[in-house]
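Working notes for the structure below.
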Amino acid sequence: MATERDLELNGARSEQSRTSDGQAEREREMGNGRRIRVLIVDDHDLFREGLRQLIETDPAIEVVGEAANGQDALKMVAELQPDVVLMDINMPGMDGIRATEAIVQQYRHVHVLMLTMYDDEEYVLHAIRAGARSYLVKNSKPEELLRAIHVAAEGGATIDPDLAPILMREYQRLLTKAPTRGQDLSDRELTMLRLLAQGYNNRQIADALNLAESTVKNNLSALFQKLGVRDRTQAVIYAISHGLVPRPTDVPRR
Numbered sequence: 453m454a455t456e457r458d459l460e461l462n463g464a465r466s467e468q469s470r471t472s473d474g475q476a477e478r479e480r481e482m483g484n485g486r487r488i489r490v491l492i493v494d495d496h497d498l499f500r501e502g503l504r505q506l507i508e509t510d511p512a513i514e515v516v517g518e519a520a521n522g523q524d525a526l527k528m529v530a531e532l533q534p535d536v537v538l539m540d541i542n543m544p545g546m547d548g549i550r551a552t553e554a555i556v557q558q559y560r561h562v563h564v565l566m567l568t569m570y571d572d573e574e575y576v577l578h579a580i581r582a583g584a585r586s587y588l589v590k591n592s593k594p595e596e597l598l599r600a601i602h603v604a605a606e607g608g609a610t611i612d613p614d615l616a617p618i619l620m621r622e623y624q625r626l627l628t629k630a631p632t633r634g635q636d637l638s639d640r641e642l643t644m645l646r647l648l649a650q651g652y653n654n655r656q657i658a659d660a661l662n663l664a665e666s667t668v669k670n671n672l673s674a675l676f677q678k679l680g681v682r683d684r685t686q687a688v689i690y691a692i693s694h695g696l697v698p699r700p701t702d703v704p705r706r
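Residues in the sequence shown are numbered consecutively from 453, following our numbering.
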């Protein structure tokens with residue numbers, strides 16, 4: 453008998469081929485001026501309304517829907533196909549961690565930005581392991597949130613600076629438990645890692661290396677698999693921890 457978790461994750465394989473084409477189409481549309489589609493997931497009505505009003509001050513972003521729990525969020529992602537999901541963690545029924553894991557498995561083109569009041573290590577690590585691309589706390593400045601939405605829609609990641617040490621400690625801990633990967637990386641792969649660490653999105657990497665954006669996406673997917681990581685956030689943290697790229701304080705400003 454299928455478990456609830458099985459039901460949450462079912463359809464992932466069939467979705468992957470469809471969402472790959474869908475992501476390319478979305479990026480073409482956004483390049484032509486299409487607004488960023490955002491789904492808000494939080495169990496507090498007043499917070500959702502305030503967040504909607506804030507987001508809609510940016511003419512490049514539109515709120516396409518709201519959900520009060522993870523289960524409703526999954527249904528709305530399937531129906532509305534947002535570019536970015538703003539996800540709370542602690543909600544009734546299916547929480548934000550489980551919802552994020554299911555969304556990431558089934559809809560690879562959707563970027564989850566965790567927006568929550570929790571800034572302790574346990575919640576941060578659970579969110580990143582589930583596949584959240586970005587993590588901000590609710591006391592972030594409005595302009596920081598809007599910027600993070602734009603970054604997520606372009607395939608990038610944003611981590612609250614105060615939370616970065618938590619992630620670094622986790623990957624330092626993993627160093628003692630796993631063999632070092634990345635020693636056989638090509639010069640291009642190392643360059644891509646360095647650009648990721650500097651906050652470049654796929655389009656900027658393509659311009660810097662004189663490659664097609666589709667080539668960059670394929671190369672990054674292969675690179676993540678080689679490093680044993682899920683996404684660019686984990687790749688950057690892993691690379692910094694293993695000395696494959698300079699630490700943030702050593703990276704020159706662009």
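The C-beta atom is built at its ideal place from N, Cα and C for all residues, glycine as well.
Contact between V564 and M539 is confirmed by a C-beta separation of about 5 Å, below the 8 Å threshold.
The beta carbons of D683 and L615 sit no closer together than 8 Å.
Spatial neighbours of L598 in its own chain (CB-CB distance under 6 Å, excluding positions within 5 residues in sequence) are listed in chain order as D510. In the DSSP secondary-structure assignment, M539 is bridged to V493 and M566.
Runs of beta strand (DSSP E) with 3 or more residues, each lying fully within the stretch 498–543, are found at 513–519 and 536–539, listed in chain order. Segment contact: the stretch 521–537 against the stretch 635–651, fewer than three CB-CB distances shorter than 8 Å; contact not assigned.
Counting only runs that start and end inside the stretch 569–604, the beta strand (DSSP E) elements of at least 3 residues fall at 586–589. Here the C-alpha atom of R621 lies approximately 36 Å from the C-alpha atom of E501. When the five nearest sequence neighbours on each side are left out, the beta carbons in the same chain lying within less than 6 Å of the beta carbon of V668 are those of N654, I657 and A658, in order along the chain.
No residue range can be given for S638, since it is assigned to no alpha helix (DSSP H) and is classified by DSSP as neither H nor E. Comparing alpha carbon positions, the residue from H496, D494, L503 and E514 closest to I488 is E514.
If you draw a 10 Å sphere on the C-beta of M566, you find 16 or more other C-beta atoms in it, and that means buried.
The continuous stretches of alpha helix (DSSP H) do not include I611, and DSSP gives it neither H nor E.
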